[in-house]
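Residue 115 in my numbering sits at position 111 of the sequence shown; the count goes up by one each step and never skips.
C-beta atoms are modelled at their ideal positions from N, C-alpha and C, and glycine is treated no differently.
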Amino acid sequence: MSTNPNRLIGGQYLIKDASYNDIFTYEDLSEEQRMILESAKEFIDKEVVPNKHKIEKKDYALIEELMRKIGELGLLGISVPEEYGGMGMGFVTTMLVCDYISGATGSLATAFGAHTGIGTMPITLYGTEEQKQKYLPKLASGEVFASYCLTEPEAGSDANSGKTKARLSEDGKEYIITGQKMWITNAGFADIFIVFARIDDDKNITGFIIEKDKAGEGFTLGEEEDKLGIVSSSTRQVFLNEVRVPVENMLGERNGGFKIAMNALNVGRIKLGAACLDAQRRVLDNSLQYALERKQFGVSINTFGAIKEKLADMAVATFTSEAGAYRAAKDVEDAIADNIAKGMAHNEAELKGIEEYAIEASILKVWISEAAQVASDQGIQIYGGMGYSKEMPMEGAWRDARISRIYEGTNEINSLLCVSMLVKRAFQGKLDLMTPAMGIADELMSIPSFDIPDYSELFAQEKEIIANLKKVFFMVAGAALQKFGANLEEHQQLILAASRIMQEVYMVESAMLRAEKLANTKGADSVVNAEKLVKLQLFKSVEIVKTEATRGIISFTEGDEQRMMLSGLRRFTRYNEYPNIVNLKTEIADLLIAENKYTF
């Protein structure tokens, strides 16, 4: 029995409107989930926040100690099945823990994410029964820690081009691995290393599990990297010189490492979106408190419109980030449950469930990491000169946020992937992109209606505009695909423009559905402020879509075709009733100031 028969499959949000009844929101968290949330938050507030200054001074030992304490709370094993010593919680709870463990410092967030995600998940999803029994209980408890070794000096985004080599020993009992890995998180204190190497001249890389204490003298580490941010996150090079690994420590099948790496990154991407959520909340809360305390011209700076605008913008982005992250998390959880109901083994069900929403995972990674970066930058601006001081929280928040746009695949790579994965799913017959694309062509040739619609229902105009933004995507992407065909991948700037449009559509629709669900579960009065946030996000998304679509249209069309598409763009991004942006931002900021914290 399906957990949600109306659940949209990955990428389908572009061609079918979701109902608020069929999405999960932050407000839907169960009592058990809220207890876990409070446990994680209490740990961060008591154990981490008071030690922020130590963490900002390369205290690697402190991060290791904090990781062990997280293990004692059981939070390292949140997604590890119970039979292997974990808590076996669903994907939403996994995202929730990642959200609240990650907010105070990127150093701990990175260590936690690397261990629980790309470090532990490959064994959970691809390990043999013997490997799971051997490693997962210790990884779940924090008795041992994991690291993930994929990146090489010449193999970053092109992960399958790694030069690390493996060959079978003469007696057939071991693989002998030689190579170099770089930017390896947790390398300084990890016990288990997931290492990818190419066996002989295989087409694809293969995964291996290496135990540090059994790797011998050929396994060595470089010095800790001196980084811009996440400064107490252990990041070292790993050198392998004739390191012998038992054949039973191959992870998955030969030639299957690239698949492991890509699926591990899908998990990492969606969880990275979650890892940027509480960072935004904390940046906003700190900004609110400082803006209250800081006096200029005899009054608190939170009375100034320029400051209020920044506070409101942070709140809008945070609300939208939460909406997208938890919507996708529940879709993944439901997909996993559906797969299990079909008879799949748990690991295969989880793999397929996560893979199903790879597009949404990349969207969340890009959109939320950029929102976190903007929030920290605006936080510095609110603090003024003090924001530049290491004594204040904003300087470290800004440096920590910067890495989120790079790891788990750069935002550029993830943006390109959004479109390529969408096209691939269409070719596989999973999504019908042609019908809406052809419909747009017909609509562009038709005479537009100039009737004033009835917008008396909540979000009536917003729904109409979001539906039109989807049409913009198909207008631009469809025309580009028709013009360039298989050569479209050579036009990355156009793909990035199309990707930005589909990202904005998913995120603003998620925010609107969240607010609509609030209105229908808690009453219209409770949604007044959420409605303001949605109106502000939609206005911003429309402006972004206008810019990106215009850039695309004028770059690959000309003459009548260009004029027709630009006319269509104006039609599809038109407001019949504009919101008062200044008033809305002022009202949101005033509410935040009254509460002195993010309350949505």
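- prompt: R457 and E468 look like a contact to me (Cβ under 8 Å); what is the Cβ gap, rounded to whole Å?
  reply: Residue 457 is actually Pro in this sequence, not Arg. Contact flag correct, Cβ pair sits at about 7 Å.
query: The beta strand (DSSP E) with P457 in it runs from where to where?
result: It is not in any beta strand (DSSP E) - P457 carries neither H nor E in the DSSP assignment.
task: Any chance you could list the alpha helix (DSSP H) runs of at least 4 consecutive residues sitting entirely within the region 415 to 485, in chain order?
output: 415 to 431, 438 to 449
- request: State the Cα-Cα distance for the pair G123 and G117, rounded to the nearest angstrom.
  value: 8 Å
- request: To the nearest angstrom, report how far apart G176 and V249 are at their CA atoms.
  value: 11 Å
- prompt: Would the region 77 to 84 and the region 142 to 152 be scored as touching if the rule is three or more Cβ pairs under 8 Å?
  reply: yes
- prompt: Can the beta-carbon of A490 be found less than 9 Å from the beta-carbon of D282?
  reply: no
query: Do the CB positions of I213 and I127 come within less than 9 Å of each other?
result: yes
task: Compare the Cα-Cα distances from V538 to each of M398, N524, M511, A553 and report the closest residue.
output: M511
task: Would you mind stating whether Y330 and M506 have Cβ atoms separated by less than 9 Å?
output: no
- request: Please go through the region 183 to 216 and give each complete beta strand (DSSP E) segment of 3 or more residues, from N-terminal end onward.
  value: 196 to 203, 210 to 215
Integer-rounded CB distance, given that Q241 should sit under 8 Å from G226: 3 Å
- request: Using DSSP bridges, identify the partner residues of L225.
  value: V242
Beta-carbon gap between S373 and G443 smaller than 9 Å: no
- request: Give me the Cα-Cα distance between S393 and R286, rounded to the nearest whole angstrom.
  value: 18 Å
- request: Give the straight-line distance between the Cα atoms of E60 and N584, rounded to the nearest whole angstrom.
  value: 42 Å
field: CB contact below 9 Å: I40 versus chain D
entry: Absent here is chain D; the protein component of the structure consists of one chain.
Straight-line Cα distance separating Y104 from K62: 22 Å
query: For the candidate residues I557, G527, I417, whose alpha-carbon lies nearest to that of A483?
result: I557
message: Pull the bridge partners of V532 from the DSSP assignment, please.
response: DSSP, once it has assigned bridges, lists no residue as partnering V532.
query: With C-beta atoms as the reference, is I340 less than 9 Å away from A321?
result: no
field: CB of D594 within 9 Å of CB of K346, strictly
entry: no
- request: Indicate whether Y152 and F197 have their beta-carbon atoms separated by less than 9 Å.
  value: yes
task: Could you check what DSSP says for L315 in three-state terms: helix, strand or coil?
output: helix
field: Where E178 sits in the DSSP three-state scheme
entry: strand
task: Give a yes or no on whether the C-beta atoms belonging to Y88 and Q137 are separated by under 9 Å.
output: yes
task: Please go through the same chain and pick out, in chain order, the residues whose beta-carbon is closer than 6 Å to the beta-carbon of G400, but skip the five residues on each side of it.
output: E60
message: Contact defined as beta carbons within less than 8 Å: I believe I19 pairs with L437. What is the distance between those atoms, to the nearest angstrom?
response: 7 Å
query: How long is the line joining the alpha carbons of D338 and S460, rounded to whole angstroms?
result: 34 Å
field: Validate contact between the region 264 to 278 and the region 543 to 562 using beta carbons, cut 8 Å, 3 pairs
entry: no
- request: May I have the straight-line CA-CA distance separating T603 from L288, to the nearest angstrom?
  value: 11 Å
query: Within 10 angstroms of its Cβ, does L172 collect 16 or more other Cβ (buried), or is it exposed?
result: exposed
field: Segments assigned beta strand (DSSP E), at least 3 residues, entirely inside the region 78 to 108
entry: none
- request: Could you tell me which residues DSSP pairs with M516 in its beta bridges?
  value: Answer by DSSP bridge pairing: none, since M516 is not bridged.
task: Give the DSSP bridge partners of K169, in chain order.
output: T182, R202
query: Where does S23 sit, in a helix, a strand or coil, going by DSSP?
result: coil
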